[in-house]
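Here UniProt numbering is used: the first residue of the sequence shown is 1, the next is one more, and so on. We put the beta carbon where it would ideally sit given N, CA and C, even for glycine.
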Amino acid sequence: MSSSRMRRATVLVLEGAKPLDVGIPAQVFTTRASMPYEVRVCGAAPGLVTGGDGLSYHVAHGLDALEWAEIVFIPGYRFPDREDPPAAVVRALLAAHARGARLAAISTGAFALAATGLLDGRRATTHWHYSRALKAKHPLVRVDENVLFVDEGSVLTSAGAASGIDLCLHILRTDLGVAASNHAARRLVAAPYRSGGQAQYVPRSLPEPLGERFAATREWALHRLGEPLTLKALARHAAVSPRTLSRRFVEDTGYTPMQWVMRARIDLARELLERTERGVEQIAADVGLGTGANLRTHFQRILGTTPTEYRRTFFRRD
């Protein structure tokens, strides 16, 4: 998709809305030179909306903002299992979806999205605390409580608040490419990507020093993607055994160590395709994949397209 035009995003604030859930899409997609989106915050009607956690919101727009939007974010809200959102909200969401808008729910916003029936028969997630309630209230939804977010094309859902950032960065990667997503992640001081399939939480706590070492190892690897990176080399840097690294790394990132390295290499290749005129063979060497054929194979497997098609779609001359 070209990034030359402004995209239209609406954040729908419902009664009991959670502040972080509202703030994440509003901040991620706020209009700036690097972010070609216009954001409108709306409610069931313009005016004051009582939120959760002691905050309220004064929204400038009513449901007419959903008629304008290309993507609608539905932040989480308090007590979603007690009653459905107003019928007018459900109708407006259905009308927006019928027009082609994407609907993206953060945390318990999935309950409002499920009330439209658009999640019936589809995978979806929500905050782990409410996953059973979502299953009970909307039994046709295929609730997956062990993921950070689910992308079903025109409807997307995420887990608890912080995973809303992961969902927003995923949407940016889809719309604008990995360079824009990474830029936003740096601005947010957030991880550039976490697997949507990563578990929401680990029942046992990881020792803090071990987690810090893995973060340092990931950063170390990101600066050496063009070099040979083996499981033994990563484990040696992390000062753990390869077996321990393999087991803990999945809990930390959602990927095995070498899957994570491959994902990082493909993302670096994406950024080079977007921002440089280097050939595919040179990029393959730069990111540690050796040959253009190897890059094409992994690019197709992970992204479902070719480097050439990706460049045609996302290349930008600065």
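Quiz item: When the Cα of A105 is compared with those of E277, K18 and Q300, which residue comes out closest?
Solution: K18
Quiz prompt | Cα-Cα separation, E67 to G109 | solution = 19 Å
Quiz item: How many whole angstroms separate the CB atoms of V147 and P75, which I take to be in contact at a CB cut-off of 8 Å?
Solution: V147 to P75, Cβ: 19 Å. No contact.
Practice problem: Rank R187, E83 and C42 by C-alpha distance to the C-alpha of L12 and give the top, closest one. | Solution: C42
Exercise. For R123, I'd like the list of residues in its chain whose CB is within less than 7 Å of its CB, leaving aside the five on either flank, ordered along the chain.
Key: R142, D144, V150 and E152
Quiz item: When burial is assigned at 16 or more other CB atoms within 10 Å of the CB, is F219 buried or exposed?
Solution: Residue 219 is actually Glu in this sequence, not Phe. Looking at its Cβ environment, which holds fewer than 16 other Cβ atoms inside 10 Å, E219 is exposed.
Practice problem: Answer yes if the segment 26 to 46 comes into contact with the segment 115 to 130, meaning at least three C-beta pairs across the two stretches below 8 Å, and no otherwise. | Solution: no
Exercise. Give the DSSP-derived three-state secondary structure of A45 in the structure shown.
Key: coil
Quiz item: Is it buried or exposed for A293, if we count other Cβ within 10 angstroms and need 16 for buried?
Solution: exposed
Exercise. Answer with buried or exposed for F111, where buried requires no fewer than 16 other C-beta atoms within 10 angstroms of its C-beta.
Key: buried
Quiz item: Looking only at DSSP bridge pairs, what is V11 linked to?
Solution: V41 and F73
Practice problem: Using alpha carbons as the reference points, say which of E15, Q27, R7 and M6 lies closest to V189. | Solution: Q27
Self-check item: Candidates A9, P25, G304 and P307: closest to S163 by CA position
Solution: P25
Quiz item: Using CA coordinates, which residue listed in R236, F249, E15 and T306 is at the minimum distance from R82?
Solution: E15
Quiz item: What does DSSP give as the partner residues of D151 in its beta bridges?
Solution: L156
Quiz item: Is T291 helix, strand or coil by DSSP?
Solution: coil
Exercise. Taking only runs that begin and end inside the segment 94 to 131, name each unbroken beta strand (DSSP E) of 3 or more residues, in chain order.
Key: 102 to 106
Quiz item: Along the chain, where does the alpha helix (DSSP H) that runs through S163 open and close?
Solution: A161 to L176
Exercise. Would you give the residue range spanned by the beta strand (DSSP E) that H58 belongs to?
Key: S56 to V59
Quiz item: By a C-beta neighbour count over all protein chains shown, 10 Å radius and 16 as the cutoff for buried, is F79 buried or exposed?
Solution: exposed
Quiz item: From R40 to A115, what distance separates their C-alpha atoms?
Solution: 23 Å
Practice problem: Can you tell me which of I283, E70 and L118 puts its alpha carbon nearest to the alpha carbon of R91? | Solution: L118
Quiz item: L234 and T217: beta carbons closer than 8 Å?
Solution: yes
Exercise. Could you please give me the residues that DSSP links to A17 through a beta bridge?
Key: Y77
Exercise. Below 6 Å CB to CB, which residues in the same chain sit around D267 once its five sequence neighbours on both sides are set aside?
Key: V178
Exercise. Check whether the segment 237 to 252 touches the segment 283 to 292, counting contact only when three or more Cβ pairs, one atom from each stretch, lie closer than 8 Å.
Key: no
Practice problem: Compare the C-alpha of R186 against each of V89, D166 and D175 and name the closest. | Solution: D166
Quiz prompt | Backbone secondary structure at R91 - three-state DSSP | solution = helix
Practice problem: Take T10 as the anchor and find which of R275, A96 and G54 has the nearest alpha-carbon. | Solution: A96
Quiz item: Is the distance from the Cβ of A264 to the Cβ of I283 below 8 Å?
Solution: no
Practice problem: Please report the Cβ distance between I71 and R99, rounded to the nearest whole angstrom; I am assuming they are in contact, meaning their Cβ atoms lie under 8 Å. | Solution: The pair is not a contact, with the Cβ atoms about 12 Å apart (cut-off 8 Å).
Exercise. Kindly provide the ranges of any beta strand (DSSP E) runs that are 3 or more residues long and lie completely inside the UniProt domain "HTH araC/xylS-type" (215 to 313), ordered along the chain.
Key: none
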